[in-house]
Amino acid sequence: MGHSHAGHRHDHDHGAGHGNGHGAGHGHGHGHGHDHEHHHPNTELDAATTAALDESIPDSDLSPTEVSRRTLLRSAGVLGGTAALAVSGAGVAAAAPKGDSVLFKHGNKPRVWLAGDHHIHTQLSSDGLYRVIDQARHAAAFGLDWLVITDHGGATHARIGVDLVNPQIKAARTELKDTLIFQGLEWNIPAAEHGTVFVAPGSREVEVLKQFENSYDGSVNNAGANSPANEQLALDGIHWLGQQVDRRRVQDALFLANHPARNGIDSPHEIRNWRDADPRIAIGFEGAPGHQAGGLPKGIGSGGARGLYGNAPNANSFPGYPAESYRTWGGFDWMTATVGGLWDSLLAEGKPWWVSANSDSHQNWNETSRRPDGSDQAQFDRDGRYMDPVYGNTVNALNNDFWPGFYSRTHVGAERRDYLSVMEGMRSGRMWIDHGMLAKGVELEVREVGHRYGEPLGGALVVRRGRPVELVVRITTQTMPNWANFVPLLNRVDVIRGAVKGAVSDRDTFTAPDTKVVRQWDTSGKRGTFELVLPLGKAEEPYYVRVRGTDGNRSQPGYLGAAIDPQGPALDVVGDADPWTDLWFYTNPIWVLPTK
Numbered sequence: 001m002g003h004s005h006a007g008h009r010h011d012h013d014h015g016a017g018h019g020n021g022h023g024a025g026h027g028h029g030h031g032h033g034h035d036h037e038h039h040h041p042n043t044e045l046d047a048a049t050t051a052a053l054d055e056s057i058p059d060s061d062l063s064p065t066e067v068s069r070r071t072l073l074r075s076a077g078v079l080g081g082t083a084a085l086a087v088s089g090a091g092v093a094a095a096a097p098k099g100d101s102v103l104f105k106h107g108n109k110p111r112v113w114l115a116g117d118h119h120i121h122t123q124l125s126s127d128g129l130y131r132v133i134d135q136a137r138h139a140a141a142f143g144l145d146w147l148v149i150t151d152h153g154g155a156t157h158a159r160i161g162v163d164l165v166n167p168q169i170k171a172a173r174t175e176l177k178d179t180l181i182f183q184g185l186e187w188n189i190p191a192a193e194h195g196t197v198f199v200a201p202g203s204r205e206v207e208v209l210k211q212f213e214n215s216y217d218g219s220v221n222n223a224g225a226n227s228p229a230n231e232q233l234a235l236d237g238i239h240w241l242g243q244q245v246d247r248r249r250v251q252d253a254l255f256l257a258n259h260p261a262r263n264g265i266d267s268p269h270e271i272r273n274w275r276d277a278d279p280r281i282a283i284g285f286e287g288a289p290g291h292q293a294g295g296l297p298k299g300i301g302s303g304g305a306r307g308l309y310g311n312a313p314n315a316n317s318f319p320g321y322p323a324e325s326y327r328t329w330g331g332f333d334w335m336t337a338t339v340g341g342l343w344d345s346l347l348a349e350g351k352p353w354w355v356s357a358n359s360d361s362h363q364n365w366n367e368t369s370r371r372p373d374g375s376d377q378a379q380f381d382r383d384g385r386y387m388d389p390v391y392g393n394t395v396n397a398l399n400n401d402f403w404p405g406f407y408s409r410t411h412v413g414a415e416r417r418d419y420l421s422v423m424e425g426m427r428s429g430r431m432w433i434d435h436g437m438l439a440k441g442v443e444l445e446v447r448e449v450g451h452r453y454g455e456p457l458g459g460a461l462v463v464r465r466g467r468p469v470e471l472v473v474r475i476t477t478q479t480m481p482n483w484a485n486f487v488p489l490l491n492r493v494d495v496i497r498g499a500v501k502g503a504v505s506d507r508d509t510f511t512a513p514d515t516k517v518v519r520q521w522d523t524s525g526k527r528g529t530f531e532l533v534l535p536l537g538k539a540e541e542p543y544y545v546r547v548r549g550t551d552g553n554r555s556q557p558g559y560l561g562a563a564i565d566p567q568g569p570a571l572d573v574v575g576d577a578d579p580w581t582d583l584w585f586y587t588n589p590i591w592v593l594p595t596k
């Protein structure tokens, strides 16, 4: 997908705005007290830079080359005090072991792009319907390479659901050998919303997930309300997951926050605290929620809110969030869709925090299956699952969900097609997300002008101060009809740039005033694979860039104004938000870190 070919068209930009970065970059290194026996290879930087960025390693333990690199990083403001700018996908949690090969040779580009979905429910959720194999077969048929089963945390699930779903998952792995099927759960985050937690497959996946849910789930432990104690319980849960990796009970574990703005109860400081608790584990949030069929108008669908974002503040909501944050914007969560908003305020600290997209599939739109007679809440509470679905003889157009892969996709750049590579690709920020198959391939690279290779999605280009830098966006347009049976057209691509200012003094900050759209390309009429090249000017101060694209059907000035975002996604209308007529893709960022 989107690979480089000799016959590409190149669209070069000249005189594009730059100089948008001010201030030294500071951030957060470890924030966890675990040992460093497990080493996640750093996939962006050469080994010397990797080691230099890891300030848990004293200068005396570095090679002369690594000491030299650390000196450069410090002089650039990239390192300072005891905090490192956390630019690697692993949060610079550990240096690559001596002799380890750095992944992604030839410009660090992923060898394979794997589409997936990390938020899927089954009959083992109290509001679910399908068997694991139903979801997995449809995911594979709709083009997904990997998926995570995430039934709701709660008393019944914690008691027996974690155990009951595992044989279904193992059977599906056997039947669908080309599909990677993770076991996870939807965590009721103490004092907050929901989140995906999942682990690498292994002999103790059930044991670890069950212990986590019983100890740290907000519903199981009656810890849903806002309180310092409940917020701490969430952090304890993230720490605990990291410890299970350190102790090798599981090979890997990840957490992403789900539908973060839906109820306004994920405050900015909570999100920052999750991220800093263990950056290896807490890696991001849903840039776009599931339930995208919810906005289909009556007569076609339920006539509700896209993403089921039709709520209002409650007693546990963060009071600083505006009314508009409780709605989706072009199908995306307000925290992601707002240029210069909460997501950008996290990136402007120079710390990795990635966005994803998924189905949140419970019961799917325009399907005929139903629960059999006698399969009710009492039966679920007793058995830990509903009975298998049966053919229902009527089409249910009022359901709000799409099958996994039918509409939302998270594309992960990986070294190979296996479980650990998908998890490492996610941790490294090698992800772009889209709706409705808007593009076939999207690849980004920031490189020094005149160099053949640079840094890909999630990476950080460490470059000598004053050297000219450019962004390369490589698009492969869609040639196949999507599942609404039309070939989507990518009509515009936008570049967003933000200065890295370091850690904020107020952890409830949710704006980044130095972030704005710096370039818009009209891509209507372009076909095949093409490149868009934007000169970013001479590297003087640390900054990041990210990219989005759209079919151009619905736009309005961004929430923070036209000077920041002249044509952003439009606020979705409750009752009339056909998701197929308003398609976007978003990429994760790449950093530029100047050295002297």
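Position one of the sequence shown corresponds to residue 1 (this note's numbering), numbered consecutively onward. We put the beta carbon where it would ideally sit given N, CA and C, even for glycine.
As assigned by DSSP and simplified to three states, the class of residue i
i: residue 469; result: strand
i: residue 325; result: helix
i: residue 269; result: helix
i: residue 133; result: helix
i: residue 208; result: helix
i: residue 119; result: strand
i: residue 170; result: helix
i: residue 213; result: helix
i: residue 33; result: With a pLDDT of 36 at residue 33, under the threshold of 50, the modelled position of that residue is not reliable, and the figure given next carries that caveat. Looking at residue 33 - three-state DSSP - the assignment turns out to be coil, as it is neither helix nor strand.
i: residue 279; result: coil
i: residue 160; result: helix
i: residue 479; result: coil
i: residue 579; result: helix
i: residue 139; result: helix
Host beta strand (DSSP E) of residue i (start-end)
i: residue 380; result: Looking at the DSSP string, residue 380 is not in any beta strand (DSSP E); the run it does join, the alpha helix (DSSP H), is 377-383.
i: residue 443; result: 439-448
i: residue 409; result: 408-414
i: residue 516; result: 516-522
i: residue 394; result: 390-396
i: residue 186; result: 180-188
i: residue 335; result: From DSSP, residue 335 is part of no beta strand (DSSP E) but of the alpha helix (DSSP H) over 334-337.
i: residue 492; result: 492-499
Nearest-angstrom Cα separation, counted from residue j out to residue i
i: residue 448; j: residue 172; result: 46 Å
i: residue 510; j: residue 263; result: 16 Å
i: residue 216; j: residue 234; result: 7 Å
i: residue 376; j: residue 252; result: 36 Å
i: residue 430; j: residue 524; result: 26 Å
i: residue 484; j: residue 402; result: 11 Å
i: residue 372; j: residue 392; result: 9 Å
i: residue 386; j: residue 565; result: 47 Å
i: residue 604; j: residue 526; result: Since the first residue of the chain shown is 1 and the last is 596, residue 604 is not available in this structure.
i: residue 569; j: residue 163; result: 42 Å
i: residue 192; j: residue 343; result: 17 Å
i: residue 53; j: residue 60; result: 14 Å
i: residue 247; j: residue 470; result: 42 Å
i: residue 382; j: residue 187; result: 21 Å
i: residue 585; j: residue 459; result: 19 Å
Presumed contact (8 Å Cβ cut-off) between residue i and residue j, rounded CB distance
i: residue 539; j: residue 592; result: 6 Å
i: residue 488; j: residue 436; result: 6 Å
i: residue 432; j: residue 587; result: 4 Å
i: residue 255; j: residue 238; result: 6 Å
i: residue 409; j: residue 577; result: About 19 Å; that fails the 8 Å criterion.
i: residue 357; j: residue 114; result: Actually they are not in contact, since the Cβ atoms of residue 357 and residue 114 sit about 14 Å apart, beyond 8 Å.
Distance CB(residue i)-CB(residue j) smaller than 8 Å
i: residue 160; j: residue 132; result: no
i: residue 157; j: residue 360; result: no
i: residue 582; j: residue 350; result: no
i: residue 427; j: residue 283; result: yes
i: residue 549; j: residue 467; result: no
i: residue 138; j: residue 128; result: no
i: residue 184; j: residue 148; result: yes
i: residue 249; j: residue 280; result: no
i: residue 345; j: residue 504; result: yes
i: residue 182; j: residue 198; result: yes
i: residue 333; j: residue 288; result: yes
i: residue 223; j: residue 190; result: yes
i: residue 400; j: residue 354; result: no
i: residue 546; j: residue 534; result: no
i: residue 502; j: residue 303; result: no
Within-8 Å CB hit, residue i to chain B
i: residue 477; result: The structure shown contains no chain B; it is built from a single protein chain.
Bounding residues of the alpha helix (DSSP H) (the contiguous stretch that carries residue i)
i: residue 300; result: It is not in any alpha helix (DSSP H) - residue 300 carries neither H nor E in the DSSP assignment.
i: residue 238; result: 228-246
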